[in-house]
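Residue numbers (the numbering used here), protein chains in the order written: chain A, 1 to 261; chain B, 262 to 508.
Single-structure report; data block below.
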Amino acid sequence: MTIYSLFIRDKDNKTAFLPKALNILIAVALFMLFFLFSYRRLGMEFDFSFLWSFRYRLAQGFVATVELSLASLVVSLFIGFLSALANNSRILVISYFSKVYVQFFRGTPLIMQVYLFFYIIGTAWGVENRFLAGVLILSIFEGAYISEIIRGGLESIERTQLEAARAIGLKSGQTMRLVVLPQIIKRTLPSLAGQFASIIKDSSLLSLISVIELTQTIREISASNFAIFESYIFLGLLYLTLTFPISMYTRYLESRYSYEN
Amino acid sequence: MRIELKGVSKVFPDGNRALDNITYREDFNALAIIGPSGAGKSTLLRILGGLIEPTSGEVAINGKRVCYDEKHLIQYRRKIGFVFQAKGLFYHLTARQNIILPLVNVHGYTKASAEASADKLLDRFGLFRDRHKYPHELSGGQQQRVAIARAVAVKQKLLLLDEPTSALDPELTSEVLDMLDELRNEGLHIILVTHEMGFAKKACDKVMFIVHGRLAECGDSNKLFTSPETEELAGFLSKVLEWNVSI
Chain A
1 MTIYSLFIRD KDNKTAFLPK ALNILIAVAL FMLFFLFSYR RLGMEFDFSF
51 LWSFRYRLAQ GFVATVELSL ASLVVSLFIG FLSALANNSR ILVISYFSKV
101 YVQFFRGTPL IMQVYLFFYI IGTAWGVENR FLAGVLILSI FEGAYISEII
151 RGGLESIERT QLEAARAIGL KSGQTMRLVV LPQIIKRTLP SLAGQFASII
201 KDSSLLSLIS VIELTQTIRE ISASNFAIFE SYIFLGLLYL TLTFPISMYT
251 RYLESRYSYE N
Chain B
262 MRIELKGVSK VFPDGNRALD NITYREDFNA LAIIGPSGAG KSTLLRILGG
312 LIEPTSGEVA INGKRVCYDE KHLIQYRRKI GFVFQAKGLF YHLTARQNII
362 LPLVNVHGYT KASAEASADK LLDRFGLFRD RHKYPHELSG GQQQRVAIAR
412 AVAVKQKLLL LDEPTSALDP ELTSEVLDML DELRNEGLHI ILVTHEMGFA
462 KKACDKVMFI VHGRLAECGD SNKLFTSPET EELAGFLSKV LEWNVSI
């Protein structure tokens with residue numbers, strides 16, 4: 001193996017393990033060096049030791065973020081699926097309701113929705129539990145994206161597949177359950193997994209209405225000891241431990257799907 | 262088997278008149294529907310298969326009128342097999358699962374007996390080794406043979422095929438046609454839309470020739486291919502057989 005082949009991609013676009021690992025390591029090191037250098041220019045030293053004393057609160061916040069995200073994933077999948085079906089409804093008002101919903105929630109910032117829904121709608125309808133309110137707000141927001149993902153999946157089902165289902169004598173409910181759903185799930189899984197990573201990150205905005213999750217915990221800790229930088233660097237690392245595996249899984253699913261087509 | 266069409270027409274919502282007043286009555290074992298592209302052959306086959314409804318007219322098989330409302334059609338479709346030009350197998354299921362799905366969910370087999378039936382069929386048609394492959398892992402000819410096996414799995418009496426070989430290479434075409442010929446010899450009745458004139462002539466006893474949605478000529482395949490009566494059919498045959506040495 002020459003030095004050249006350690007650093008330059010093969011013509012056939014394949015990268016062996018050793019060059020891959022080496023170059024990832026270098027890239028990460030460069031990234032961190034730049035960050036460290038910037039930090040040093042400010043004349044400050046890192047000190048992460050204080051985090052240890054907050055370990056229980058941090059663990060609680062981490063678990064809360066995971067719970068919040070999982071609950072929102074389930075609810076937003078449900079909302080998104082309903083909305084995708086509604087979008088294709090022959091009843092016009094249902095179809096347009098779905099379209100307005102998707103346009104509004106995809107077209108406005110989450111921070112606005114969080115405030116608006118918590119303080120106006122949440123108060124008016126008596127949603128006092130902040131965790132529940134958080135799950136609802138996040139699910140409605142993410143549901144709009146998931147709706148579009150599922151709508152794309154529905155449109156990708158070829159006509160012959162539906163005709164074949166009819167030809168073998170399936171009823172429309174069976175066609176949905178045995179043919180359409182499994183195919184949509186297989187095709188949209190990469191995008192849905194990616195959306196789950198977004199849910200995890202977006203859940204941080206719920207700290208604005210004091211849902212005690214990871215970001216809110218860090219906000220409280222950094223407000224008490226002013227170690228803002230260390231706190232937020234650590235926060236980023238914690239989110240990465242959640243989103244990075246999902247991102248890897250998404251890429252794996254994508255490669256598998258592209259092979260099948 | 263007896264097929265009767267009485268004034269069957271089909272006008273699509275976009276105004277396209279695909280079939281124009283087709284009346285036809287015939288006893289057949291294997292019926293080939295031939296004609297130029299866009300003539301309405303596939304539309305006719307879909308009406309016969311209960312997949313679309315004629316705009317007007319009546320269809321009867323063995324003297325029994327086909328009732329075109331969804332409730333009756335579901336029952337009707339279960340009794341006949343239908344094979345598409347391509348992509349009729351469910352992508353997300355293996356060859357074996359494709360055959361099992363209707364057995365369990367439509368015909369009420371237990372899972373074990375469905376598996377046994379599927380394996381028997383797959384074995385018989387030389388597909389056993391590939392039974393756990395997904396459609397995209399099978400050749401086009403294998404896909405079509407699995408689709409045919411699925412369509413006749415509960416011993417359907419009638420099999421409809423819409424250009425089952427037109428997406429295939431010649432050697433794959435013959436493996437599919439061989440399978441059809443074998444099934445036909447065992448008493449399965451076949452109606453197929455095809456461009457394989459050799460198969461239409463040798464393996465089918467009756468032929469319908471359709472042009473612009475009209476039935477231009479019909480009758481025994483021997484007679485139609487050797488002495489066509491209409492100029493349209495003579496012209497069509499001379500075109501499609503121009504480079505065909507085997508007939």
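For each residue, glycine too, the CB sits at the ideal point set by N, CA and C.
Opening and closing residue of the alpha helix (DSSP H) in which residue i lies
| i | result |
| --- | --- |
| D288 of chain B | Per DSSP, D288 of chain B belongs to no alpha helix (DSSP H); it is in the beta strand (DSSP E), 278-288. |
| V272 of chain B | That residue, V272 of chain B, is in no alpha helix (DSSP H); its beta strand (DSSP E) goes 263-272. |
| G152 of chain A | 130-156 |
| F343 of chain B | Careful: F343 of chain B lies outside any alpha helix (DSSP H), inside the beta strand (DSSP E) at 341-344. |
| N13 of chain A | Taken as a continuous stretch (DSSP letters only), N13 of chain A belongs to no alpha helix (DSSP H), as it is neither H nor E. |
| I199 of chain A | 181-202 |
| Q216 of chain A | 214-225 |
| E493 of chain B | 492-501 |
| E376 of chain B | 372-385 |
| P363 of chain B | 356-366 |
| T434 of chain B | 431-446 |
| L70 of chain A | 55-87 |
| F34 of chain A | 17-41 |
| G459 of chain B | 458-464 |
Below-8 Å beta-carbon distance, residue i vs any chain A residue
| i | result |
| --- | --- |
| I452 of chain B | no |
| R339 of chain B | yes |
| F386 of chain B | no |
| H353 of chain B | yes |
| K348 of chain B | yes |
| V367 of chain B | yes |
| L420 of chain B | no |
| I335 of chain B | yes |
| P489 of chain B | no |
| P274 of chain B | no |
| L362 of chain B | yes |
| G310 of chain B | yes |
C-beta neighbour in chain B for residue i, strict 8 Å
| i | result |
| --- | --- |
| E163 of chain A | yes |
| T160 of chain A | yes |
| I218 of chain A | no |
| P182 of chain A | yes |
| Q113 of chain A | no |
| R166 of chain A | yes |
| Q60 of chain A | no |
| Q103 of chain A | no |
| G169 of chain A | yes |
First and last residue of the uninterrupted beta strand (DSSP E) at residue i
| i | result |
| --- | --- |
| I295 of chain B | 291-295 |
| S317 of chain B | 317-322 |
Inter-residue spacing [alpha-carbon to alpha-carbon] between residue i and residue j
| i | j | result |
| --- | --- | --- |
| Q161 of chain A | P396 of chain B | 12 Å |
| G480 of chain B | K267 of chain B | 17 Å |
| Y249 of chain A | L22 of chain A | 22 Å |
| R286 of chain B | V320 of chain B | 10 Å |
| P190 of chain A | S72 of chain A | 18 Å |
| L138 of chain A | S76 of chain A | 8 Å |
| F97 of chain A | N87 of chain A | 8 Å |
| E376 of chain B | L362 of chain B | 10 Å |
| A165 of chain A | L502 of chain B | 36 Å |
| D281 of chain B | V468 of chain B | 18 Å |
| F460 of chain B | S247 of chain A | 53 Å |
| Y39 of chain A | F17 of chain A | 33 Å |
| S278 of chain A | I218 of chain A | This structure cannot settle anything about residue 278 of chain A, because the visible part of chain A is limited to 1 through 261. |
| L237 of chain A | D430 of chain B | 56 Å |
| R278 of chain B | Y252 of chain A | 48 Å |
| E213 of chain A | E67 of chain A | 9 Å |
| G369 of chain B | A193 of chain A | 36 Å |
| A293 of chain B | K325 of chain B | 21 Å |
| T263 of chain A | F81 of chain A | There is simply no residue 263 of chain A to check, as chain A begins at 1 and stops at 261 in what is shown. |
Residue i Cβ short of 7 Å to the ligand HEM heavy atom set
| i | result |
| --- | --- |
| L238 of chain A | Because no ligand of any kind appears in the structure shown, any question about the ligand HEM cannot be addressed here. |
Exposure label - residue i; buried when at least 16 CB within 10 Å
| i | result |
| --- | --- |
| A197 of chain A | buried |
| M32 of chain A | exposed |
| L206 of chain A | buried |
| S83 of chain A | buried |
| V102 of chain A | buried |
| Q405 of chain B | buried |
| S427 of chain B | exposed |
| S488 of chain B | exposed |
| M112 of chain A | exposed |
| M44 of chain A | exposed |
| K302 of chain B | buried |
Identity of the residues DSSP links to residue i by a beta bridge
| i | result |
| --- | --- |
| M469 of chain B | B:I294, B:C479 |
| L453 of chain B | B:A293, B:L422 |
| R326 of chain B | B:A321 |
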